[in-house]
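Numbering (our numbering), first residue to last: 24 to 337. One structure is given here, and the rest of the page talks about it.
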Amino acid sequence: MAAVSLRAPLTYGDRAALTSSEMAKGYFTRAEMQKTNLIVALDVKEASSDVMTQQMWDIASKTTEHVLGFKIHMTRIPLFDLSSAERSRDNFAKHLSLMQALQRLGSDRGVRILADEKYADGGETTRVKYLGGYEFYKWADVTIQATPGADQIKGLRSVSQEHRTKQGGFLVTDMSFAGNLCSPDYRKVAFAMHKGIDTEGNAYDYSDFLGGVVTQYPIEDVHPDYPGIPNPMRFHATPGVQEKPGRDKLGQIFNTPEHVIETLLSDGMIVGRGVAFAPDPIVAAKIFQKLGMDAYNNRQECQRVAYEQAASKL
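See below:
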C-alpha cells in the first residue's frame, strides 16, 4: 500500500519540475512522456564481442519507445585478446560502435543510459576512472557505492561540473543478492550520504549530480516539505524485477513490478533477463511497461484517495 501523503500526489512530470538534478529530470521527463518506468538491463548471454554488442543493440533499438533507459555493463563484453592484436582492435571497434549508438539514443531520443560501474574508490582515483576508460561522463549515468564516503561523489561531481554534462550518479544503498553485507546500519548511513550528510555529520549539497538511489528496500530518503512520501526530487530505482518473485541459483533476488512500484515506492524498475532473455524482447518490454505503469497508476490513486480523506478532516 502506498504511503499517506499530506499533499496531492505528484506525477513524474511534476517531479521533473522540482529537481535540480539534470539526471533525475531526464528520467522523470521521459517517464511522463513515454508512460513507462521500465529500465532494461542489456545483460545478454556470454558470447564473442561482435555477438554480444549486436544482441545488445538489437534489444535497445527495438524496445526504445517502451523504456526509460538501458542499464549496461560494458566490461562484460570481451575487449582485449592478449594473443591477438588484430582481434583486440576488432573488439574495440565493436565497443566503440555500440557506445556511439547508445549515445545517440540518449542525445536524440532522451533515453537514459546507466553504466552500472558501482564506483568504490578514493575521490581522485574515481575521478580519473570516470574521465578515462569509456568516458561515461559524456554519455551515461553511473552507479556509486557508499563505502568510500562522500569525497568519491565530490570527485565525480567535479568532472560533471567541469564539463557541464547532464549525466549524474545513483548511490547504491544495498544489493539485490542474498547474503550481501549491506546491513540496516549501512543503508541508514548510505541514505544519509544521499541526503547530504557524511559519516562525520558534515553537511554538503551534491544533489545536482547525485540525483537518485538504487535500492531494494522501502526508501529512507525524505524531504521535510513532502512528508509521507520519498523525496520527490530524487529518482529511486530498484533492480532484480521479474513477473514473479523468486531467487536464482547464484543468489539474485527477484521482486515483482507491483512490489517495487507500489510497496517500495520506487520510481523505476530495472528488468534484465525478463527482457534480454525473452524470445521476443519487444513483447516482453511491452508487458513490463504495462505492469510498471499499472502499478504506478494504482499508487497514484491510493495517494490521491488518502490525500482527499486527510484534507476532508481539516
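C-beta atoms are modelled at their ideal positions from N, C-alpha and C, and glycine is treated no differently.
is_contact[residue i, chain C] using C-beta, thresh 8 Å
| i | result |
| --- | --- |
| D139 | Checking the listed chains, one finds no chain C in this structure; it contains a single protein chain. |
Nearest residue (CA-CA) to residue i, options the options
| i | options | result |
| --- | --- | --- |
| H246 | M256, D81 and Q312 | M256 |
| T98 | I136, A116, E140 and R110 | E140 |
| L65 | G219, T52 and L125 | L125 |
| L287 | G133, G145, G295 and P241 | P241 |
| S199 | T261, S183 and V151 | T261 |
| P280 | F300, G295, K177 and L128 | G295 |
| A201 | A334, G263 and H282 | G263 |
| Q57 | E324, D303, A308 and C325 | A308 |
| G129 | E158, K189, A301 and R110 | K189 |
| C205 | P250, Y229, L179 and V237 | V237 |
| A299 | R210, Q184 and I62 | I62 |
| P304 | H89, V74, E324 and Y50 | H89 |
Where the alpha helix (DSSP H) containing residue i begins and where it ends
| i | result |
| --- | --- |
| A405 | Given that the chain is displayed from residue 24 to residue 337, the structure contains no residue 405 and the question cannot be resolved. |
| D139 | Per DSSP, D139 belongs to no alpha helix (DSSP H); it is in the beta strand (DSSP E), R135 to Y142. |
| I284 | Unbroken run through I284: none, as it is neither H nor E. |
| I82 | S72 to T86 |
| I176 | A173 to H186 |
| H217 | P207 to K218 |
| V151 | G146 to L154 |
| G274 | Element bounds for G274: n/a, residue is neither H nor E. |
| G297 | R296 to A299 |
Cα-Cα separation, residue i to residue j
| i | j | result |
| --- | --- | --- |
| L119 | F232 | 26 Å |
| F311 | S106 | 42 Å |
| D113 | L102 | 9 Å |
| T149 | P171 | 10 Å |
| K117 | R135 | 21 Å |
| Y160 | Y35 | 25 Å |
| Q332 | K68 | 50 Å |
| E147 | P268 | 40 Å |
| K313 | R327 | 21 Å |
| F93 | A334 | 40 Å |
| G178 | R187 | 14 Å |
| S111 | W162 | 23 Å |
| N203 | H282 | 21 Å |
| V151 | F115 | 21 Å |
Own chain residues within Cβ distance below 7 Å of residue i, not counting five before or after
| i | result |
| --- | --- |
| A173 | M216, D221 and Y227 |
| A213 | A169, L194 and T196 |
| N60 | A54, L91, I284, D290, G291, M292, G315, M316 and Y319 |
| K218 | D244 |
| M79 | L65, V67 and L121 |
For residue j and residue i, believed in contact at Cβ under 8 Å, the rounded distance
| i | j | result |
| --- | --- | --- |
| D138 | I95 | Here residue 138 turns out to be Ala, not Asp, going by the sequence shown. Between I95 and A138 the Cβ distance is about 6 Å, and since that is below 8 Å, they are a contact. |
| Q175 | G145 | 7 Å |
| T87 | R127 | Not really, about 11 Å apart at Cβ, beyond 8 Å. |
| S44 | S230 | 6 Å |
Neighbourhood of residue i by C-beta, 6 Å cutoff - its chain only, sequence neighbours within 5 removed
| i | result |
| --- | --- |
| I167 | Y142, G192 and L194 |
| M46 | D164, G191 and G234 |
| T52 | A39 |
| M24 | A caution first: M24 carries a pLDDT of 44, below 50, which makes its placement in the model too unreliable to give a value. |
Range of the contiguous beta strand (DSSP E) that encloses residue i
| i | result |
| --- | --- |
| A64 | L61 to A64 |
| K94 | G92 to I95 |
| D164 | D164 to Q168 |
| F258 | F258 to T261 |
| G202 | First-last for G202: undefined, no H or E at that position. |
| G234 | L233 to V237 |
Close-in-space but distant-in-sequence residues of the same chain around residue i (CB under 8 Å, 5 per side omitted)
| i | result |
| --- | --- |
| T21 | This structure does not reach residue 21, given that the chain is present from 24 up to 337, and the question cannot be answered. |
| R153 | Reading off the sequence, residue 153 comes out as Tyr, not Arg. Around Y153: Y142, F159, Y160, V165, G178, L179 and V182. |
Distance cut-off 7 Å: residue i Cβ against heavy atoms of the ligand ATP
| i | result |
| --- | --- |
| F51 | Judged by which ligands are present, the structure shown has none, so any question about the ligand ATP falls away. |
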